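The next block holds one structure in the form of structure tokens; read it before the comments.
Numbering (my numbering), first residue to last: 714 to 993.
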């Protein structure tokens, strides 16, 4: 890298704290009342897709011989909500700077590609607006990209996609808690990801106090910017040698997983194997 912060230990500690603070701020974009609109069918979709993507992603990680933490970060980012999920899970599994940077970079790249291609593919495949909303929620990594793609396709696509994606993003909470228990291993004390509790509190505030939405939206926007700045901070500590050590395998895993998820979900929606859930 051209520019590096001098104290590696301080930089790692600072980036870890900033990631957790930004994840809490992202919770102010969660509306639990809206998520309840997807009903039991929508929750079943998000749960089943999460399990399926986790299994497929970890299997691909072994096929491509990607390091366990790197493989898990990319898989979680694909399974839930992109960079937000990676930022939440990274501190829980003690991910290294190189692993965080490569995983986030892979997800951000695929987000940009999806934003450009999905509306065009949806039209070509003959998807109606509710179908496209469901597809984008299941196959696009980041919530903001789902919103942008849905807005390009139509109002109904935007509503369906955003609602289901937010329901999917809520799985960050049980996943992080589960990982904390699994990662305990032989440690004498369990290291709980307390910031996930604050994330849930932020979601509750946003859901129960609509009068504060302008303030909450501002906090969410700052958190998104903070996540970008933290990515730069993490990247400042990466050397060419460390990137060469990681190689292109994580990128190949991320692309393969994303293409597989996109194709499978598209075919299932086209053949009515995944009917669009009715929003209550």
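Just so it is clear, CB atoms sit at the ideal spot from N, CA and C, and this is done for glycine as well. None of the values given here were measured: they were computed from a predicted structure.
Roughly how many angstroms lie between the CA atoms of residue i and residue j, to the nearest whole one?
i, j, result
"residue 944", "residue 800", "9 Å"
"residue 857", "residue 738", "15 Å"
"residue 976", "residue 875", "20 Å"
"residue 745", "residue 916", "7 Å"
"residue 867", "residue 830", "15 Å"
"residue 827", "residue 792", "15 Å"
"residue 925", "residue 880", "21 Å"
"residue 841", "residue 894", "42 Å"
"residue 819", "residue 963", "8 Å"
"residue 815", "residue 723", "21 Å"
"residue 931", "residue 733", "18 Å"
"residue 768", "residue 980", "19 Å"
"residue 937", "residue 755", "26 Å"
Is residue i buried or exposed, if buried means 16 or more other CB atoms sit within 10 Å of its CB?
i, result
"residue 759", "buried"
"residue 817", "buried"
"residue 855", "buried"
"residue 810", "buried"
"residue 961", "exposed"
"residue 766", "buried"
"residue 885", "buried"
"residue 761", "exposed"
I'd like the list of long-range same chain contacts for residue i, defined as Cβ closer than 8 Å, with 5 residues on each side in sequence excluded.
i, result
"residue 871", "846, 860, 863 and 864"
"residue 882", "743, 793, 794, 797, 798 and 856"
If I measure Cβ to Cβ from residue i and keep anything under 7 Å in the same chain, skipping five residues before and after, which residues do I get?
i, result
"residue 726", "none"
"residue 940", "735, 796 and 800"
"residue 808", "782 and 786"
Of the choices the options, whose alpha-carbon is the least far from that of residue i?
i, options, result
"residue 757", "791, 877, 779 and 827", "877"
"residue 912", "743, 731 and 729", "743"
"residue 771", "971, 946 and 927", "971"
"residue 804", "761, 987, 730 and 836", "730"
"residue 824", "968, 980, 931 and 928", "968"
"residue 985", "839, 927 and 923", "839"
"residue 794", "784, 774 and 821", "821"
"residue 988", "732, 851, 780 and 932", "851"
"residue 982", "921, 776, 779 and 835", "835"
Can we count residue i as close to the ligand SAH, meaning its CB is less than 7 Å from some heavy atom?
i, result
"residue 835", "The ligand SAH is not part of the structure shown, which contains no ligands of any sort."
My guess is that residue i and residue j are in contact by the Cβ rule of under 8 Å, so how many angstroms apart are they, rounded?
i, j, result
"residue 888", "residue 789", "7 Å"
"residue 906", "residue 890", "7 Å"
Apart from the five residues just before and just after residue i, which ones in its own chain have a Cβ nearer than 6 Å to its Cβ?
i, result
"residue 997", "Nothing can be reported for residue 997, as the shown portion of the chain is limited to 714 through 993."
"residue 774", "784 and 966"
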